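A short write-up of the structure that comes next.
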Amino acid sequence: MSNNMAKIADARKTVEQLKLEVNIERMMISKAAAELMSYCESHAKEDPLVTPVASSENPFREKKLFCVIL
Amino acid sequence: MPCTWVMACAYAPSGCAVACGGLDNKCSVYPLSLDKNENLAAKKKSVAMHTNYLSACSFTNSDMQILTSSGDGTCALWDVESGQLLQSFHGHAADVLCLDLAPSETGNTFVSGGCDKKVNVWDMRSGQCIQSFETHESDINSVRYYPSGDAFASGSDDATCRLYDLRADREVAIYSKESIIFGVSSVDFSLSGRLLFGGYNDYTINVWDVLKGTRVSILFGHENRVSTLRVSPDGTAFCTGSWDHTLRIWA
Numbered sequence: 001m002s003n004n005m006a007k008i009a010d011a012r013k014t015v016e017q018l019k020l021e022v023n024i025e026r027m028m029i030s031k032a033a034a035e036l037m038s039y040c041e042s043h044a045k046e047d048p049l050v051t052p053v054a055s056s057e058n059p060f061r062e063k064k065l066f067c068v069i070l
Numbered sequence: 001m002p003c004t005w006v007m008a009c010a011y012a013p014s015g016c017a018v019a020c021g022g023l024d025n026k027c028s029v030y031p032l033s034l035d036k037n038e039n040l041a042a043k044k045k046s047v048a049m050h051t052n053y054l055s056a057c058s059f060t061n062s063d064m065q066i067l068t069s070s071g072d073g074t075c076a077l078w079d080v081e082s083g084q085l086l087q088s089f090h091g092h093a094a095d096v097l098c099l100d101l102a103p104s105e106t107g108n109t110f111v112s113g114g115c116d117k118k119v120n121v122w123d124m125r126s127g128q129c130i131q132s133f134e135t136h137e138s139d140i141n142s143v144r145y146y147p148s149g150d151a152f153a154s155g156s157d158d159a160t161c162r163l164y165d166l167r168a169d170r171e172v173a174i175y176s177k178e179s180i181i182f183g184v185s186s187v188d189f190s191l192s193g194r195l196l197f198g199g200y201n202d203y204t205i206n207v208w209d210v211l212k213g214t215r216v217s218i219l220f221g222h223e224n225r226v227s228t229l230r231v232s233p234d235g236t237a238f239c240t241g242s243w244d245h246t247l248r249i250w251a
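For the record, the sequence lines run as chains W and B. The first sequence maps to residues 1 to 70 in UniProt numbering. The second sequence maps to residues 1 to 251 in UniProt numbering.
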């Protein structure tokens, strides 16, 4: 019996939560997706993993032979 | 560390302290010091107390507050100095496995993912769950905000990563392939948000093009499952940690 009561209480909480969520403002996905895309495009140049950095500045480049002082 | 498994750790924004926790149900903050003679364990401050394991922790914008998520199904915001509980977040029906804070300076929301297949977005000040997404088919192991803060990605045991837009309030992309059957343990975005890196339990890392929804490449190297993945703050490389006892940096 108490299990049923717990389930009912849970369901009530879910309903309350859903009622709150119904009223939030939603943006049109076409606009939201376009904004995500434009964010990507605009920051692509700063992203070293998207636009490769010049070899001289890349800290992870293949190390060329160093001069070894014998 | 006093407990057997450390499951979460985080750097303080100033770099002067580290928070960690795990099966001991607590989150402890250790101040860092370059002095080798100092007994760091003595300076430990126990900040959070949950009734089950600590799955993730993160400092908020300051060193003074910590956000934690736990196997007891709740997330909580704590004051580091006093150890006081400032806000608790109830709403998950099962263990909460991961959390991530919104990137903006004024941000006061965070997202959490749990074993109940739901991702919840919370308002830190009121404790209210403002949005909820339930499209994954299994436990959600990792959530990460998109760099602009308007979207987030999640990785789950159902072998998919999904992108959700917060303003449109819906899932916008699924990153999956029939050939990928192992769960995702950890996800992170590149600096511009164009690439999504996922660490998988089949020992590989898959790199996805966020906008096209296709896989850009697959990286091999680990000899056991990849358990965690993070892109460096300057975006030049990312690091993966694995059950094969190694951390690898990929550039």
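Even for Gly, the Cβ is constructed at its ideal location relative to N, Cα and C. Predicted model only: the values in this text are computed from it and were never measured.
| Alpha carbon of V187(B) to alpha carbon of L99(B), nearest angstrom | Going by the C-alpha atoms only, they are around 12 Å apart.
| What residues from chain B crowd round P59(W), counting only those whose CB sits closer than 7 Å? | Within 7 Å Cβ-Cβ: T236.
| Status (buried if at least 16 other CB within 10 Å, exposed otherwise) for P48(W) | Looking at its Cβ environment, which holds 16 or more other Cβ atoms inside 10 Å, P48(W) is buried.
| query | What are the boundary residues of the alpha helix (DSSP H) that includes C40(W)? | reply | Where C40(W) is concerned, the enclosing alpha helix (DSSP H) stretches over 29–43.
| task | Under 8 Å by Cβ, that's how I've got S28(B) and G21(B) pegged, so tell me the actual separation to the nearest angstrom. | result | Cβ atoms of S28(B) and G21(B) come within 8 Å of each other, at about 6 Å.
| request: Could you tell me how far apart the beta carbons of Q17(W) and C239(B) are, in whole angstroms, since I believe they sit closer than 8 Å? | output: Contact between Q17(W) and C239(B) fails: their C-beta atoms lie close to 37 Å from each other, not under 8 Å.
| request: Under 8 Å by Cβ, that's how I've got W208(B) and L219(B) pegged, so tell me the actual separation to the nearest angstrom. | output: The C-beta separation of W208(B) from L219(B) comes to about 12 Å, leaving the pair out of contact by the 8 Å criterion.
| message | With the cut-off set at 8 Å, would you say H92(B) and G114(B) are in Cβ contact? | response | Going by C-beta atoms, H92(B) is nearer than 8 Å to G114(B).
| query | Contact check, F89(B) vs A10(B) under 8 Å by CB: the rounded distance? | reply | The Cβ separation is near 17 Å, so there is no contact.
| task | Measure from the C-beta of I130(B) to each C-beta in chain W and report whether the shortest distance is under 8 Å. | result | Interface residue, yes.
| Three-state secondary structure (DSSP) of T109(B) | Strand.
| Buried/exposed call for A34(W), threshold 16 Cβ in 10 Å | Burial call: exposed.
| request: Report the three-state DSSP secondary structure of A151(B) (helix, strand or coil). | output: In the displayed model, A151(B) falls within a strand according to three-state DSSP.
| Given 8 Å as the limit, is there contact between the stretch 175–186 of chain B and the stretch 34–43 of chain W, that is, 3 or more CB pairs closer than that? | Contact between the stretch 175–186 of chain B and the stretch 34–43 of chain W is not established, with fewer than three Cβ pairs separated by less than 8 Å.
| task | Would you verify that the beta carbon of E16(W) is, or is not, closer than 8 Å to some beta carbon of chain B? | result | Taking Cβ atoms only, chain B never reaches closer than 8 Å to E16(W), which makes this a no.
| said: Suppose contacts are defined by Cβ-Cβ distances below 8 Å. Is residue 286(B) in contact with D63(B) by that definition? | reply: Beyond the ends of chain B as shown, which are 1 and 251, falls residue 286(B); an answer cannot be given.
| task | Please compile the residues from chain W whose C-beta is within a distance smaller than 9 Å of the C-beta of V187(B). | result | Contact annotation for V187(B) against chain W: no contact, minimum CB-CB distance about 15 Å [criterion: below 9 Å].
| field | Spatial neighbours of S242(B) in its chain, beta-carbon cut-off 7 Å, leaving aside the 5 residues before and after | value | Excluding the 5 residues flanking it on each side, S242(B) has same chain C-beta neighbours closer than 7 Å at H222, N224, R225, V226, S227, in chain order.
| request: Tell me where the beta strand (DSSP E) around K26(B) begins and ends. | output: Start and end: 26–31.
| field | Runs of beta strand (DSSP E) wholly within the UniProt repeat "WD" (219–251) of chain B (minimum 3 residues, chain order) | value | Counting only runs of at least 3 residues, the UniProt repeat "WD" (219–251) of chain B fully encloses the following beta strand (DSSP E) elements, listed from N- to C-terminal order: 226–231, 238–242, 247–250.
| Contacting positions in the stretch 1–22 of chain B - beta carbon closer than 9 Å to chain W | Flagged: no residues at all.
| query | Shorter than 8 Å from the beta carbon of P48(W) to some beta carbon of chain B? | reply | Between P48(W) and chain B, the shortest Cβ-Cβ separation is below 8 Å.
| query | Does the beta-carbon distance from residue 300(B) to C40(W) come in below 8 Å? | reply | An answer regarding residue 300(B) cannot be provided, because it is not within the stretch 1 to 251 covered by chain B.
| field | With 16 other Cβ atoms within 10 Å as the buried cut-off, status of M124(B) | value | With 16 or more other CB atoms across the displayed protein chains lying within 10 angstroms of its CB, M124(B) is buried.
| Sheet register partners of T68(B) (DSSP bridge) | T68(B) pairs with C57(B), A76(B).
| query | Is the CB-CB distance between G73(B) and Y53(B) below 8 Å? | reply | For G73(B) and Y53(B), no; Cβs fall outside 8 Å.
| In three-state DSSP terms, what is Q131(B)? | Strand, per DSSP.
| said: Pull the bridge partners of Y11(B) from the DSSP assignment, please. | reply: V18(B).
| Near the ligand HEM: L18(W) beta-carbon under 7 Å from a heavy atom | Ligands displayed in this structure: none; no statement on the ligand HEM is therefore possible.
| field | Three-state secondary structure (DSSP) of residue 252(B) | value | Missing from the structure shown is residue 252(B); chain B here goes from 1 to 251 and no further.
| request: Under 7 Å between beta-carbons, which chain W residues line up against A151(B)? List them in chain order, please. | output: In chain order: L36.
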